[in-house]
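Trainee: In terms of the numbering used here, the first sequence opens at residue -14 and continues consecutively. Sharing a structure here in structure tokens format.
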Amino acid sequence: MDVLEKRKIQDCLGLPTGWKREEVIRKSGLSAGKTDIYYFSPCGRKFRSKPQLARFLGDSFDLSAFDFRSGKQLSVGARKSKRLKNIQYDYSRGLKQDASLVLPIRQTASIFKQPVTLKTNHAQNRIKADPKQDAKDVPKQLFWEKRLSNLTASDSVERVLKAFDIPDNLLATGPGLTDENILQSISSSLHLSNHPITGQTSSKVSHLFPSKRRGTMK
DNA sequence: AATATCGGCGC
DNA sequence: GCGCCGATATT
């Protein structure tokens, strides 16, 4: 791997997942030597200015502290200090919400051992298929809705839309679940099933693990 | 036509 | 001086 490639990869570190920053040096003309900065979103779209980036991300993102040229966040102390040696490397703030586009599918792999019961309707088998039990929902990962955290809706010009406000009588009970997670959870429930959508119906504290297990939104 | 590159306006 | 984006070159 050559030096240039290495440099590019280092530029990627610190940027939100999937985003890439490119530095192009002009090699001819009156402005030879000048460098242009480009960003590429996870879906491959190119951005060549901060306003363009802001238009794409929408109003819910604060890019005021983001320096487009350097790709870094301006630290609060950077104003008066000549020494820019140790800048805070927290770019995840500004672009966080738009990060990777991982589909919200179940990702349980076969390498994770799970109990399996073979069921047949053959007369000699003790365990037969139980229609009631089989109709139950397949198990989901706890707080699987968090997989939707980085997904946002876009309008016709690919501008990210701001999420709806939700009624304040809806409360999340899981760790780190935000209002956006709730909205995404409800939306996906509407999309995936015909069943009525309810909030948490069982006790807040599980009788199995009274001290630990918490409920989540259905 | 789409993309890469440079010019140059305007703050 | 420099960011931004239109103009022009390139594929």
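Just so you know, even glycine gets a beta-carbon here, dropped at the ideal spot from N, CA and C.
Within 10 Å of its beta-carbon, does R6 have 16 or more other beta-carbons around it, so buried, or fewer, so exposed?
Mentor: buried
Trainee: Starting from R40, trace the alpha helix (DSSP H) in both directions and tell me its first and last residue.
Mentor: K35 to L42
Trainee: Assuming L223 and A50 make a contact with CB atoms under 8 Å, what is their CB distance in whole Å?
Mentor: This structure leaves residue 223 out entirely; the chain is present only between -14 and 203.
Trainee: Since S5 is in the beta strand (DSSP E), which residue starts that stretch and which ends it?
Mentor: A small correction: the amino acid at residue 5 is Lys; Ser does not occupy that position in the sequence shown. Segment K5 to I10, the beta strand (DSSP E) holding K5.
Trainee: Per DSSP, D21 is paired with what?
Mentor: V9
Trainee: Alpha carbon to alpha carbon, what distance is there between G18 and K12?
Mentor: If you draw a straight line from the Cα of K12 to the Cα of G18, it comes to about 6 Å.
Trainee: What whole-angstrom Cβ distance do Y24 and V9 have, given they're in contact under 8 Å?
Mentor: Wrong, their Cβ atoms sit about 12 Å apart, outside the cutoff.
Trainee: Looking at C-alpha atoms only, which residue of R40, C28, G14 and K35 is the closest neighbour of F53?
Mentor: K35
Trainee: Looking at the structure shown, is D47 part of a helix, part of a strand, or coil, going by DSSP?
Mentor: coil
Trainee: Which word fits L15, buried or exposed, when buried means at least 16 other C-beta atoms lie within 10 angstroms of its C-beta?
Mentor: exposed
Trainee: Judging by CA-CA distance, which residue of T2, G56, G3 and W4 is the nearest neighbour of D21?
Mentor: G56
Trainee: Alpha carbon to alpha carbon, what distance is there between L155 and L48?
Mentor: 30 Å
Trainee: In the DSSP assignment, what residue or residues form a beta bridge with F32?
Mentor: Y24
Trainee: What residue from P181, L0 and F46 has the CA that sits closest to S26's CA?
Mentor: Residue L0 is the option with its Cα nearest to S26.
Trainee: Excluding five sequence neighbours on each side, which residues of the same chain lie with their C-beta closer than 8 Å to the C-beta of K31?
Mentor: Y23, Y24 and F25
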